[in-house]
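For the sequence shown, counting from 1, position 5 maps to 5 in full-length UniProt numbering; every step adds exactly one.
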Amino acid sequence: MSILLSLYLKITKQRFRKPFKPLGSKKKSWHLVSLPRDAKGFFEAAPFLLGLSKSGNVVLLMPKGLEWLRSLIKPKQFEIILYERRPVLFSEDYKRVRLQLGERYFHFLIELDKPANISLAYLCNFQRRISFFDNKIFPYYNILMKNGYASLNEFFNIEDESAHDMFHFYGKELKAVERKYRKFHPLLFVNGPDDIEWKGSKIVLGQDIMPDDPNIWKVLHIIDTYYGKQDAYYAFARVNNKSILKQPKEEK
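Next up, the structure:
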């Protein structure tokens, strides 16, 4: 962070100490949501995002590195604004984001990325600015959540639901993937060493399919069970209600 930016943030910090009005019961609130910067974080946030979209309008701030996710999300479910680099106050990306937002009013700013980007608080006149708990970001964010998405769901009165309906695949594409691999169910996706006995078929990452294969998300959609690393593939399998087979070292 530059000395000039640090000084500006410190000088203008007082502007965010104004108390916000009671939440009330708006039928269609507007939410500006800053997404996590990696795919795993996005999939972990998916149930909350889906629930939020049912209670109001949601605009997502998405890093360009996750633009490929747009092909998985159902069309018109969210408005998405992309940025190249993290929008820091006075930067070109910050200016572009602010220009795209225009004069719109948002009831909530919700920061899901870590560490929180305090520059986002300057984008609009947000009364309610929400982030995960970090005592260094108050008062830029004035509602801090200590228990992750469980607290966010409770705050917005969102049911803890599956987000598999948030993602869209054409039936023809899924059938084509099934024909390609010619596996039978129950079908296990293995992300790591293939060191487990299984009565059905397996698709092994790095052997049957490569990580950069665009069909990998369709494969994860048609499997029955997931086994291996707890990465983005794991998070996507959970979102799609796949059973998770624990590794031996996790069993007690």
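Glycine is no exception: its CB is placed at the ideal position from the N, C-alpha and C atoms.
Grouping DSSP H, G and I as helix and E and B as strand, with all else coil, what is residue i?
| i | result |
| --- | --- |
| residue 177 | helix |
| residue 129 | strand |
| residue 171 | helix |
| residue 243 | strand |
| residue 166 | helix |
| residue 72 | coil |
Quick one: residues in its chain with C-beta nearer than 8 Å to the C-beta of residue i, no 5 flanking neighbours on either side, listed in chain order?
| i | result |
| --- | --- |
| residue 212 | none |
| residue 81 | 59, 60, 61, 62, 97, 100, 101 |
| residue 75 | 168 |
| residue 245 | 188, 196, 225, 226, 227 |
| residue 118 | 9, 137, 140, 141 |
Going by the beta-carbon positions, is the gap between residue i and residue j smaller than 7 Å?
| i | j | result |
| --- | --- | --- |
| residue 34 | residue 92 | no |
| residue 50 | residue 163 | yes |
| residue 188 | residue 227 | yes |
| residue 235 | residue 48 | no |
| residue 108 | residue 31 | yes |
| residue 140 | residue 121 | yes |
I'd like to confirm the pairing. Which residues does DSSP put opposite residue i in its beta bridges?
| i | result |
| --- | --- |
| residue 83 | 63 |
| residue 30 | 57 |
| residue 190 | 204, 227 |
| residue 210 | In DSSP, residue 210 forms no bridge with anything. |
Distance, Cα to Cα, residue i vs residue j?
| i | j | result |
| --- | --- | --- |
| residue 98 | residue 173 | 38 Å |
| residue 183 | residue 239 | 22 Å |
| residue 230 | residue 104 | 38 Å |
| residue 147 | residue 180 | 43 Å |
| residue 252 | residue 237 | Reliability of the predicted coordinates at residue 252 is poor, the pLDDT of 39 falling under 50, and the value obtained from them is presented with this limitation in mind. Distance between the alpha carbons of residue 252 and residue 237 is about 23 Å. |
| residue 166 | residue 137 | 31 Å |
| residue 115 | residue 12 | 20 Å |
| residue 2 | residue 8 | 10 Å |
| residue 64 | residue 39 | 12 Å |
| residue 17 | residue 66 | 33 Å |
Please work out which residues of its chain come closer than 7 Å, Cβ to Cβ, to residue i, disregarding the five sequence neighbours upstream and downstream, and give them in chain order.
| i | result |
| --- | --- |
| residue 169 | 218, 221 |
| residue 206 | none |
| residue 250 | Unreliable placement is indicated for residue 250, whose pLDDT of 48 sits below 50; the coordinate value is still reported in the next sentence. There are no such residues. |
| residue 242 | 223, 224, 225, 226 |
| residue 106 | 30, 31, 32, 124, 126 |
| residue 291 | Limits of the chain in this structure are 1 at one end and 252 at the other, which puts residue 291 out of reach. |
| residue 56 | 28, 29, 30, 31 |
Beta-carbon of residue i versus every beta-carbon of chain B: anything under 7 Å?
| i | result |
| --- | --- |
| residue 2 | The chain inventory of the structure shown lacks chain B, comprising one protein chain alone. |
Taking 6 Å as the limit between beta carbons, can you name the residues of its chain near residue i, skipping five residues before and five after?
| i | result |
| --- | --- |
| residue 190 | 202, 204, 227, 228 |
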